[in-house]
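Undergrad: Take this structure, written in C-alpha cells, and hold onto it; I'll ask about it next.
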Amino acid sequence: MNHRRSGQRSHSNLLRPIADTLGHPRVLAGVAVICFSALPVHSLQAAPLQAPDTTLEQEPATETAPAEEAQPAPPVAPVPPGAPPLLPSQMKQAADPGQADLDEAVLKRIDAESNDDLEAVASLIESALAKGLDDENQSFAKKMLGSIQLQRGQGLAGAMTRMRGRRALQVRDEALRVLDQAIENDPKLAEAHMLIARLNLLPDGDEERIAKATSAAIELLQDDPKELSTAYLLRAMTQDESEDQLADLTKAIELDPSNAEAVRQRAGLRMQEGDFDEAVEDLQKVLELDPTNEQIAAATVQQLVELDRADDALALLSKTIQARPSEGLYRLRALLYTNMDREDDALADLNKALAMQPKDPIALLQRAEISLRRDDVKDAKRDLDAAIDLAPQVEQLDQAIVVRCFIAVEEGRMADAINDMKILIDRSPDDVYRQLQLANLYLQDDRPRQAIDMLSGVLDRDPKNASVLRSRGDAYLAVGDHAEAIADYEKALTNLDADDEADAIILPSVLNNLAWVLATSPKDEVRNGARSLELGLRAVEMTEEAEGHILSTLAAGYAETGDFENAKKWSEKAVEAAQKELEEGASEESVQLKQLQEELESYRGNEPWREKQDTEENQIPLLSPDDLIDT
Numbered sequence: 002m003n004h005r006r007s008g009q010r011s012h013s014n015l016l017r018p019i020a021d022t023l024g025h026p027r028v029l030a031g032v033a034v035i036c037f038s039a040l041p042v043h044s045l046q047a048a049p050l051q052a053p054d055t056t057l058e059q060e061p062a063t064e065t066a067p068a069e070e071a072q073p074a075p076p077v078a079p080v081p082p083g084a085p086p087l088l089p090s091q092m093k094q095a096a097d098p099g100q101a102d103l104d105e106a107v108l109k110r111i112d113a114e115s116n117d118d119l120e121a122v123a124s125l126i127e128s129a130l131a132k133g134l135d136d137e138n139q140s141f142a143k144k145m146l147g148s149i150q151l152q153r154g155q156g157l158a159g160a161m162t163r164m165r166g167r168r169a170l171q172v173r174d175e176a177l178r179v180l181d182q183a184i185e186n187d188p189k190l191a192e193a194h195m196l197i198a199r200l201n202l203l204p205d206g207d208e209e210r211i212a213k214a215t216s217a218a219i220e221l222l223q224d225d226p227k228e229l230s231t232a233y234l235l236r237a238m239t240q241d242e243s244e245d246q247l248a249d250l251t252k253a254i255e256l257d258p259s260n261a262e263a264v265r266q267r268a269g270l271r272m273q274e275g276d277f278d279e280a281v282e283d284l285q286k287v288l289e290l291d292p293t294n295e296q297i298a299a300a301t302v303q304q305l306v307e308l309d310r311a312d313d314a315l316a317l318l319s320k321t322i323q324a325r326p327s328e329g330l331y332r333l334r335a336l337l338y339t340n341m342d343r344e345d346d347a348l349a350d351l352n353k354a355l356a357m358q359p360k361d362p363i364a365l366l367q368r369a370e371i372s373l374r375r376d377d378v379k380d381a382k383r384d385l386d387a388a389i390d391l392a393p394q395v396e397q398l399d400q401a402i403v404v405r406c407f408i409a410v411e412e413g414r415m416a417d418a419i420n421d422m423k424i425l426i427d428r429s430p431d432d433v434y435r436q437l438q439l440a441n442l443y444l445q446d447d448r449p450r451q452a453i454d455m456l457s458g459v460l461d462r463d464p465k466n467a468s469v470l471r472s473r474g475d476a477y478l479a480v481g482d483h484a485e486a487i488a489d490y491e492k493a494l495t496n497l498d499a500d501d502e503a504d505a506i507i508l509p510s511v512l513n514n515l516a517w518v519l520a521t522s523p524k525d526e527v528r529n530g531a532r533s534l535e536l537g538l539r540a541v542e543m544t545e546e547a548e549g550h551i552l553s554t555l556a557a558g559y560a561e562t563g564d565f566e567n568a569k570k571w572s573e574k575a576v577e578a579a580q581k582e583l584e585e586g587a588s589e590e591s592v593q594l595k596q597l598q599e600e601l602e603s604y605r606g607n608e609p610w611r612e613k614q615d616t617e618e619n620q621i622p623l624l625s626p627d628d629l630i631d632t
C-alpha cells in the first residue's frame with residue numbers, strides 16, 4: 002500500500018486513469034472530436050456529386066459535338082469556421098445528458114495530480130451521473146469515481162501517520178467513509194477492501210468490518226498470492242474459533258511462505274492449543290525468515306521459556322546466531338543463560354556482544370548484573386559507570402537502579418540500597434517481588450518491624466501469598482514473636498503445592514524455618530519436637546542432604562525429642578556441608594560455620610539448642626534519594 006503526499010504522482014497511479022479512460026468508446030469519440038477540429042475547414046465541406054459511370058466506353062468530345070456540361074451540385078449550408086462535424090456521440094447528447102460532463106471528467110482525470118484536481122474530476126463525474134448516463138457510461142463513470150475515491154482514501158491513510166490521538170482517529174473515520182463510497186461505486190476494488198481492513202486494526206476498529214472486507218478481498222485477489230496471503234492473515238485475526246483461525250493462517254503461509262507474521266501468529270496459536278512441537282517448528286521458521294529481528298527473537302525465546310522449554314529456546318537462538326551473529330542476539334542468549342544459572346556462558350556472550358559493539362550501555366548493564374552475581378563488585382561498578390558515561394539517561398533505567406542498589410548492599414550502604422528499592426516500587430506499586438526485596442533489605446538493616454509493616458500491606462491484598470507469608474514469618478522470628486512466626490509459616494505451607502515448580506523452590510525454606518522455631522524456641526508452649534522432626538525430614542529429603550543449615554535444623558529436632566545420637570550425627574553432617582560450601586566460595590556469614598560447631602558441642606553435652614532472636618530496631622533515619630552516595 003503506497004501512501005503519497007498531496008501533489009505527488011506515481012507511475013502506478015497514472016497508468017490506472019489512462020487505461021481506464023482512453024480504452025472507453027466514449028473517450029475514443031472525444032479524441033476524434035479533438036482530431037477533426039484541428040483539420041482545415043475546407044477539407045470538411047461536401048464534394049460535388051457525380052453520376053456513376055454506366056458505359057463501357059465513352060467517345061471523346063469533338064468540336065461539332067461538345068460534351069454535355071456537368072450540372073453543379075446542390076448548394077451546401079456553410080459550416081462555421083473551426084466547427085467539427087456532428088459525431089454520433091453528439092447526436093446522442095439529448096438521450097445521454099451527462100455525456101459532456103463525463104467527457105470533460107475523462108480528460109481532466111489524465112492530468113489530475115492534487116486533491117483539488119481529484120475533487121474537480123469527482124464533481125464532474127457525480128454531475129454526469131446525476132444528469133443521466135446510459136448503462137455502459139454509468140458503469141464506466143462509477144468505476145472511475147471509485148478509483149478516485151480509493152486514491153483519496155489512500156492519501157488520508159498516509160496522512161494519519163503524521164498525526165496523533167483524536168485527530169488521527171478522525172482522519173481514519175474520514176478515510177473509511179471515502180473508501181466505503183469507493184467500493185459502493187466499484188465493489189471489485191480489492192485495494193479498497195484491504196485498506197478498510199487495515200484501518201480497522203487500529204484502536205476502536207470494527208472486527209466485523211475487518212472480516213467482511215478481507216472476505217471480499219479474498220474473492221478478488223486470486224491472481225495476487227502475496228496480497229491474498231495478507232488478506233487471509235488479517236481475517237485470521239477476527240476469527241472466533243481457533244480452528245478457523247488456524248485454517249486462515251495456514252492458507253496465508255501456503256500462499257506466501259515468506260509471510261513471517263502469519264508464521265509467528267500460527268506458532269502462538271499452536272502454543273495456546275498445546276501443539277508445542279509444531280509451534281517450535283513455526284518459531285524456527287520465523288527466525289530463519291528474519292534472523293536479525295531481535296524483537297521476534299526475544300518474543301520467541303520468551304514464549305518458549307514460559308512453556309518451560311528453555312533448552313528449545315537455547316537451541317533455536319544458537320542456531321540463529323550461527324547463521325547470522327549479532328550483538329543483540331548475543332545479549333539475548335546471555336539473558337537466557339543467566340536464567341538457566343549458566344553465568345560463565347552468559348558472561349562469554351556479553352563479552353562477544355561488547356566486542357561487536359563496545360559502546361552498548363545495555364550490554365554493559367547486563368554484564369554488571371552478572372558480576373554482582375559472582376560477587377565481583379569492582380567489575381560491576383566499572384560497567385555501571387561506563388554505561389552511564391556512554392548514555393547518561395541509562396541511569397534512570399530500572400536495570401541500572403537494580404545494579405546500583407545491590408552494589409550498595411555489597412558495600413554495606415543499606416540506606417542507599419533501601420532508597421533505590423523504594424524508587425523501583427514507586428514506579429511499580431503492585432510489584433510484589435520488589436516489595437519482598439525491600440522487606441529483605443529492611444531485615445538486613447535491622448529494621449524488622451518496617452519489614453513486617455510492608456509485608457502486612459501486601460498480605461492485606463493477597464492473604465494467600467506463600468512467599469510473603471514466609472518473609473513475614475522470618476521478620477516475626479527476628480523480633481522474637483515466635484507464635485506469630487509459626488502462624489505465618491503454617492499458613493504458607495497450606496498454600497504451597499509441592500508439585501508446582503515455583504512453590505517447590507520456596508517449600509524447603511518454609512519447612513526448615515518452621516521446624517527450627519518449633520525445635521529451638523525458648524518458649525515451652527511453642528516448641529513441638531515431633532512436628533519439628535517431621536518437617537525437618539521433609540526439608541532434608543527435598544534438598545538431598547546438601548545444605549548445612551537444613552541438616553542443622555533436623556539435628557535440632559532430634560535433640561528436642563531427646564534423640565541426641567541422631568542429633569550429633571546430623572549436626573556433624575551439617576558442619577561438613579558448611580565446610581564444603583566455604584571451600585566452594587560461599588561466604589562465612591551465609592554458612593554460619595561457627596554457630597553450627599557450637600550447636601554440635603551442645604548436643605555432645607546432651608543439651609538441646611535454644612535460640613531467640615530479639616533484634617533491636619535500627620533507629621537511624623534513612624537518607625532520602627537525593628542524598629544517595631554516587632557509585
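Counting from 1 along the sequence shown, just add 1 to a position and that's the residue number in this note's numbering.
Beta carbons: idealized from backbone N, C-alpha and C, even for Gly.
1. Can you tell me the Cβ-Cβ gap for Ala531 and Thr562, rounded? I've got them flagged as a contact below 8 Å.
2. Would you kindly report the start and end of the unbroken alpha helix (DSSP H) that includes Asn116?
3. In its own chain, which residues sit with a C-beta less than 6 Å from the C-beta of Leu512, not counting the 5 before and 5 after it?
4. Is the Cβ-Cβ distance between Asp446 and Asn567 less than 8 Å?
5. What is the rounded straight-line gap between the Cα of Tyr233 and the Cα of Glu491?
6. Give the single residue among Gly206, Thr215 and Gln273 whose Cα lies nearest to the Cα of Leu190.
7. State the Cα-Cα distance for the pair Glu192 and Leu288, rounded to the nearest angstrom.
8. Give me the Cα-Cα distance between Asn352 and Arg368, rounded to the nearest whole angstrom.
9. What does a CB cutoff of less than 7 Å around Ile179 pick up in its chain, not counting 5 residues either side in sequence?
10. Figure out for me which residue from Arg473, Asp309, Gln436 and Val378 has the closest Cα to the Cα of Gly413.
11. Round the Cβ separation of Gln400 and Leu365 to the nearest angstrom and send it over; I've been treating them as touching at under 8 Å.
12. Check whether the region 538–558 and the region 572–583 are in contact - that is, three or more C-beta pairs closer than 8 Å.
13. Leaving out five residues on either side along the sequence, give the residues of the same chain with a beta carbon under 6 Å from the beta carbon of Gln9.
14. Where does Leu623 fall in DSSP's three states?
15. In the DSSP assignment, the alpha helix (DSSP H) including Gly147 goes from what residue to what residue?
16. Quick one: Cα of Ala356 to Cα of Gly329, how far?
17. Since Leu333 and Glu279 are thought to touch, with beta carbons under 8 Å apart, how far apart are those beta carbons, to the nearest angstrom?
18. Drop a sphere of 10 angstroms on the beta-carbon of Gln100, count the other beta-carbons inside from all chains shown, and report buried for 16 or more, exposed for fewer.
19. May I ask which residues mark the beginning and end of the alpha helix (DSSP H) holding Met272?
20. Within its chain, find whatever has a CB closer than 6 Å to the CB of Lys613; leave out the 5 residues flanking it on each side and keep chain order.
21. Does the Cβ-Cβ distance between Arg173 and Leu196 come in under 8 Å?
22. How would you write the range of the alpha helix (DSSP H) that Lys595 sits in, first residue to last?
23. Determine the DSSP secondary structure at Met341, reduced to helix, strand or coil.
24. Kindly list the residues whose CB is nearer than 8 Å to the CB of Val433, restricted to its own chain and excluding five residues on each side of it in sequence; keep chain order.
25. One question on the structure: do Leu290 and Val302 come within less than 8 Å of each other, judged by their Cβ atoms?
26. If we call anything under 8 Å between Cβ atoms a contact, is Asp427 one with Arg405?
27. Put Thr616 into one of helix, strand or coil per three-state DSSP.
28. Please state whether the Cβ-Cβ distance between Ala113 and Ala129 is less than 8 Å.
29. How would you call Leu202, buried or exposed, if buried means at least 16 neighbouring beta carbons within 10 angstroms?
30. DSSP state of Ala369, grouped into three classes?
31. Tell me the rounded alpha-carbon separation between Arg210 and Ala198.
32. By the three-class DSSP mapping on this structure, what secondary structure does Trp610 have?
33. Starting from Gln451, follow the alpha helix (DSSP H) in both directions and report where the run begins and ends.
TA: To lay it out plainly:
1. 7 Å
2. Asn116 to Lys132
3. Leu536, Arg539 and Ala540
4. no
5. 55 Å
6. Thr215
7. 30 Å
8. 8 Å
9. The question names Ile, yet the displayed sequence has Val at residue 179. Gln150, Arg153, Gly154 and Leu157, listed in sequence order.
10. Val378
11. Incorrect: roughly 10 Å between the Cβ atoms, too far for contact.
12. yes
13. Because the pLDDT at Gln9 is just 38, under 50, the model does not fix this residue reliably, and the point stays unresolved.
14. coil
15. Asp136 to Met161
16. 12 Å
17. Between Glu279 and Leu333 the Cβ distance is about 23 Å, and since that is not below 8 Å, they are no contact.
18. buried
19. Ala261 to Gln273
20. Gly481 and Pro523
21. no
22. Leu594 to Arg605
23. coil
24. Val459, Asp463, Asn466, Ser468 and Val469
25. no
26. no
27. coil
28. no
29. exposed
30. helix
31. 7 Å
32. coil
33. Pro449 to Arg462
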